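Notes follow once the structure below has been shown.
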Amino acid sequence: MSAWITLPPQFTSGMVIQQQAKTRLSGLTDANLELSLELIRTPFDKHAVSPLDPNYGVIYTAALKSDKNGRFQFDLPALKASFDPIELLISDSERTLRLTHLLVGEVYLLIGDSTLSIPLADSTAQLASDHTSIPYLRLLDLARRDPENCWHAADQPTELLSKSALGLMFGRELILELRMPIGLIQVLLPGRKIRDWQPDNKKGQAARLLDPLHHFCLRGIVWSGSQKDLGETTNATEIIKLAEQLRARLLPIESKPAAFLMLLHPTHFINQKNATALTMANENLSYCAHHLAAPTALVPVSNTVASNHLAMIAYRLRTVCLGLLYQRKAPHSAPECESIELVGGKMMISFSHAGEGLRLTGDDTRVRGFAVCGPDRIYHEAMARVLYGVRVMVWHDAIPNPLGVTYGFSDNHCGNVISKDQLPVVPFRSDQQPAVYSLPREWVHADDPSQWQVFAGQMSISREKANKSEGEAALKITYQATAGQTITGSGQPETGPSAFTFGPLIDRREDFPPLNLSHANQLLVDIFNPDRVEKTIKLNLYAIAAPGAREYTTEAQRIVPALRWQTITFDLDTLRNDLDLAQIIRLKFILTDPNNRGLIYLDNIRV
13 MSAWITLPPQ
23 FTSGMVIQQQ
33 AKTRLSGLTD
43 ANLELSLELI
53 RTPFDKHAVS
63 PLDPNYGVIY
73 TAALKSDKNG
83 RFQFDLPALK
93 ASFDPIELLI
103 SDSERTLRLT
113 HLLVGEVYLL
123 IGDSTLSIPL
133 ADSTAQLASD
143 HTSIPYLRLL
153 DLARRDPENC
163 WHAADQPTEL
173 LSKSALGLMF
183 GRELILELRM
193 PIGLIQVLLP
203 GRKIRDWQPD
213 NKKGQAARLL
223 DPLHHFCLRG
233 IVWSGSQKDL
243 GETTNATEII
253 KLAEQLRARL
263 LPIESKPAAF
273 LMLLHPTHFI
283 NQKNATALTM
293 ANENLSYCAH
303 HLAAPTALVP
313 VSNTVASNHL
323 AMIAYRLRTV
333 CLGLLYQRKA
343 PHSAPECESI
353 ELVGGKMMIS
363 FSHAGEGLRL
373 TGDDTRVRGF
383 AVCGPDRIYH
393 EAMARVLYGV
403 RVMVWHDAIP
413 NPLGVTYGFS
423 DNHCGNVISK
433 DQLPVVPFRS
443 DQQPAVYSLP
453 REWVHADDPS
463 QWQVFAGQMS
473 ISREKANKSE
483 GEAALKITYQ
493 ATAGQTITGS
503 GQPETGPSAF
513 TFGPLIDRRE
523 DFPPLNLSHA
533 NQLLVDIFNP
543 DRVEKTIKLN
553 LYAIAAPGAR
563 EYTTEAQRIV
573 PALRWQTITF
583 DLDTLRNDLD
593 LAQIIRLKFI
603 LTDPNNRGLI
613 YLDNIRV
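When you line the sequence shown up against my numbering, it's residues 13 to 619, in that order.
Next comes the structure, spelled out in structure tokens:
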């Protein structure tokens, strides 16, 4: 900025001005100084224009006098979106400040932490190349303290590495859809709590960075909170306060306040003691979305593919923006539970913002993520079915009159219901009464080999869709004894039939160990024995017990030599005196076969 005049940091060369809105330009200069302002537009393709064409050349002029403190304020007219560059000149009788290559389009504020704060440098090289050909996408980082900080176009790849990767992808999506310039202002500081961002928080660095935006105009605010706020009971109040104070500071567009687009917290494991911390934080965001008196949307960040994570979130942001702000045929937010009706022991759940209907992710056929509870308030994974894309029917055969329902209500949830617009359903619970919530236990469906491991013996575990008891698939388990050696469950050589040991992965952090079986009386598993050879199977449990740990193996259960699915039952009540069933850290099945080689199918584990 010139030494004789000071403007807010967003007013630099390369700036994007919000279309269809008056822009207030305040500044500081010498006292009682006569100033003039001009806006000069030239065609972006440099074609010849007539001197009489009102759309080009000098399109606006204004003059004023600074006050006794040197303050001044120009109100620029509302302009239409255009790729034509504009020059802004502010002059006194001797000096001129010139800002060049200004554009008119849509402007968004990116604020907060977490998903938004991932810089392009942490992404892949391909992501950078996706933006190098878009000079009309521009970004300003207000968190930089460099006095020479300015707007950078997306065809300046070296300047983009520290910028928000998600923001740039979102901007690219909007440019391709809206066909107009897009400006992004990022104010991203890691680890700041919600209260640090409150505009009335004079002690917070984050709040001070927002001061230049006072009486600025933009279309929307993209908010991504910090996990430092987890567990705070005031979250919802603070977020509502933040949104309202930011909107109060910004100038409206045609009397409409800026939209507030909230990215949900990314769901992942924390620990079993506090396995719903992130989900409850997202519950607060959902509450805010329904209590803000202005355009507001929820944007999930879960249910993505790791290799395309940020691009999928950018697409979701773009989708809700099109519906919420641009009157396109798109939902205004992610789908949320709208109503629940109990019909014949089944819960019929309706959703808002479902767009053209609901479906399952990928090629899934089993609805995942729903749980119901009875009068004991203990939630159990439930069966569910999407009905004609508009409702979901949820039930549990052992709970004829369910009192509550949840969806994806844990920090490592496995819900797979999305809208046809690719927006995942927002996790929810039907009430906030004290309850024991259902943690993700995908291994019990026995249709994903990656959830299983081999402990002893030469074994192969794969997915079988054709022969299954329920769900999407079964586990196909082939086994063969090592030449010249038989294997026991403990892994030691001995004579007699081989014992092959395998089991689910239940001790990883994302599995919220230990496994709690204290509410179960039995463990049942369906087995298909195609060899028509009589075999046996045992259940081995290993539990934490102060000051050490204890292990117990059940009596062998017979697998009959028949070409049909059969249910094997293990009685857990007989183990209660020997093990703490609430502290299971390892679960194994020990299979024996007199032939020392063969094949079984395993499916549908129930506890």
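The beta-carbon is built from N, C-alpha and C at its ideal position, and this holds for glycine as well.
Values in this document were obtained by computation on a predicted structure and should not be read as measured data.
Candidates the options: closest to residue i by CA position
i       : options                               : result
Ser-351 : Ala-394, Ala-326, Val-417 and Tyr-338 : Val-417
Ser-105 : His-365, Ala-219 and Leu-47           : Leu-47
Leu-115 : Ala-255, Val-545, Leu-51 and Pro-542  : Leu-51
Pro-347 : Val-332, Leu-415, Met-360 and Gln-339 : Val-332
Tyr-72  : Phe-56, Thr-35 and Phe-95             : Thr-35
Pro-387 : Ala-396, Glu-393, Asn-413 and Trp-407 : Asn-413
Ser-94  : Asn-607, Thr-249, Ile-187 and Pro-446 : Ile-187
Ser-474 : Tyr-68, Asp-615 and Val-438           : Asp-615
Pro-66  : Leu-370, Asp-87 and Leu-91            : Leu-91
Leu-154 : Ile-146, Ser-422 and Lys-175          : Lys-175
Arg-403 : Lys-432, Gln-444 and Ile-361          : Ile-361
Ala-555 : Ala-305, Ile-518 and Ser-314          : Ile-518
Ile-146 : Tyr-120, Ala-177, Leu-172 and Arg-184 : Arg-184
Asp-605 : Leu-599, Asn-541, Ile-596 and Asp-375 : Asn-541
Val-311 : Pro-343, Asn-286, Ala-383 and Val-317 : Pro-343
Leu-370 : Ala-323, Ile-325 and Asn-428          : Asn-428
Leu-487 : Tyr-613, Asn-589 and Ala-493          : Tyr-613
Gln-595 : Phe-582, Asp-585, Gln-217 and Arg-562 : Arg-562
Ile-411 : Gly-216, Lys-358, Leu-435 and Ser-298 : Lys-358
His-365 : Ile-430, His-457 and Pro-63           : Ile-430
For residue i, the three-state DSSP class (helix, strand or coil)
i       : result
Thr-604 : strand
Ala-561 : strand
Arg-403 : strand
Trp-16  : coil
Lys-175 : coil
Ser-530 : coil
Tyr-419 : strand
Thr-507 : Unreliable positioning characterises Thr-507 in this predicted model, as indicated by a pLDDT of 45, which lies under 50. The coordinate reading is nonetheless provided below. The answer is coil: DSSP assigns Thr-507 none of H, G, I, E or B.
Arg-380 : coil
Ser-105 : coil
Ser-267 : coil
Trp-455 : helix
Gln-22  : coil
Asn-616 : strand
Glu-256 : helix
Met-181 : helix
Cys-426 : coil
Tyr-299 : helix
Leu-435 : coil
Glu-160 : coil
Arg-598 : strand
Asn-552 : strand
Ile-251 : helix
Thr-279 : coil
Glu-189 : helix
Gln-239 : helix
Leu-152 : strand
Glu-348 : strand
Beta-bridge pairing of residue i - partner residues as DSSP gives them
i       : result
Asp-87  : Arg-36
Met-292 : According to DSSP, which records beta bridges pairwise, Met-292 is partnered with nothing at all.
Ser-314 : Per DSSP, none; premise fails for Ser-314.
Tyr-391 : Cys-385
Trp-464 : Pro-516
Gln-210 : In the DSSP output, where bridge partners are listed per residue, Gln-210 has none listed.
Residue interval of the beta strand (DSSP E) (run including residue i)
i       : result
Val-119 : 108-124
Lys-488 : 486-492
Arg-576 : Run containing Arg-576: none; DSSP gives neither H nor E here.
Gly-195 : 194-200
Thr-482 : In the sequence as presented, Thr is not what sits at residue 482; that position holds Glu. That residue, Glu-482, is in no beta strand (DSSP E); it is neither H nor E in DSSP.
Tyr-72  : 69-77
Lys-358 : 358-364
Glu-50  : 46-53
Arg-475 : 470-476
Asp-65  : Taken as a continuous stretch (DSSP letters only), Asp-65 belongs to no beta strand (DSSP E), as it is neither H nor E.
Gln-30  : 28-30
Glu-546 : First-last for Glu-546: undefined, no H or E at that position.
Range of the contiguous alpha helix (DSSP H) that encloses residue i
i       : result
Arg-328 : 321-337
Leu-451 : Note, Leu-451: premise wrong, no alpha helix (DSSP H); not H, not E.
Ala-219 : 217-221
Cβ-Cβ separation, residue j to residue i (assumed contact under 8 Å), whole Å
i       : j       : result
Leu-631 : Asn-294 : With the chain covering only 13 through 619, there is no way to say anything about residue 631.
Thr-316 : Tyr-449 : With a Cβ gap of about 24 Å, Thr-316 and Tyr-449 do not count as contacting.
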